[in-house]
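Participant: Below is one structure. I have some questions about it.
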Amino acid sequence: MTRTTKIIHLTMLTAAAALMIAAKTEAAGANPRNCGPREAVVTRLADGYGETRQSMGLGGNNAVVEIFASDETGSWTITVTGTNGITCLVASGQGFEELAEALPAKGSDA
């Protein structure tokens, strides 16, 4: 996968995550089981699901948005870590796959 493709992929995932974060921020605060110290969350994703970080980006309020996934099972998780070091799970699912899509041609509406 080229660097440009990875950036496009990260941008699309980050935009999707930002929408989910906006919808789930209040819920995550109300349910502390969805949040914890980053190191503990990352360890749980690795040990429990075989997921490793696939991409990351900087979201609003300097929050770090990360996508973890398992190459073996296809499971994936999107996390957001605030400046306080607390990481919250905002979405998860199955069927993760890495894409290598080309940019649309200049002037194209695609």
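Here the sequence shown stands for residues -27 to -1, 1 to 83, numbered as in mature numbering (1 follows the signal peptide of the UniProt record, and there is no 0).
Glycine included, every Cβ here is placed at the ideal spot set by N, Cα and C.
Keep in mind it's a predicted model, so treat the numbers as computed, not measured.
Going residue by residue through the stretch 5 to 51, where are the continuous beta strand (DSSP E) segments of at least 3 residues, counting only ones entirely within it?
Facilitator: 8 to 10, 25 to 31 and 37 to 42
Participant: Beta strand (DSSP E) containing THR60: first to last residue?
Facilitator: 59 to 66
Participant: Helix, strand or coil: how does DSSP classify THR56 here?
Facilitator: coil
Participant: Is it buried or exposed, GLN27, if we count other Cβ atoms within 10 angstroms and call 16 or more buried?
Facilitator: Counting other Cβ atoms within 10 Å of its Cβ, GLN27 reaches 16 or more and is therefore classed as buried.
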